[in-house]
Structures are given as structure tokens and as C-alpha cells.
Amino acid sequence: MKSSCLKSSMLLVILLFAEYCSQIEAQKCQPSGKVVWERNSHLRRMTRICFRGKVLLNLQIYSIINWTVR
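Mapping of the sequence shown onto mature numbering (1 follows the signal peptide of the UniProt record, and there is no 0): residues -26 to -1, 1 to 44, in sequence order.
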């Protein structure tokens, strides 16, 4: 019971994170995106964090799947 609760909360975090990252991607791809992108170091930093986060999340998902299968 406890493990399934943990898994569902993990999935929620993953979904929220994915949503957040897709919003950042959308911000980057605005028509005037070039200007926004050049000036906005916050956006650049968030994208880096998102990229690293995606890699970490993929590993996390992979380990959860392995753990579930076992």
C-alpha cells in the first residue's frame, strides 16, 4: 500500500515537472523568442535545469518500472 502511494506521488511530481518544462519550451519558441532568449538568463537557466531534470526523471521512471516488475 505504502509503495503504491509513493509511486503515485512520484508520478504527480513527474507530470508537474513535465508541464513546467513544456511551458518553458513554449516561452522559448515565441515569435520574438530570440530577443527574450538572449536577454532572459532565467529562461536559459530553467531550460538547463529542465534538461537535467528530464534525464534524472527518465532514470527515475526506469528504476520505478524495474522495481514494479520485480
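Idealized CB from N, CA, C, for every residue including glycine.
Looking only at its chain, what residues have a beta carbon closer than 8 Å to the beta carbon of residue i, apart from the 5 residues adjacent to it on each side?
i   : result
I38 : K(-20), M(-17)
G27 : F(-10), C(-6)
For residue i, does the count of other Cβ atoms within 10 angstroms reach 16, so buried, or fall short, so exposed?
i   : result
C24 : buried
Taking 7 Å as the cut-off, decide whether the C-beta atoms of residue i and residue j are in contact.
i      : j   : result
I(-13) : L31 : yes
Any beta carbon from chain B within less than 7 Å of residue i's own beta carbon?
i   : result
I23 : The structure shown contains no chain B, having only a single protein chain.
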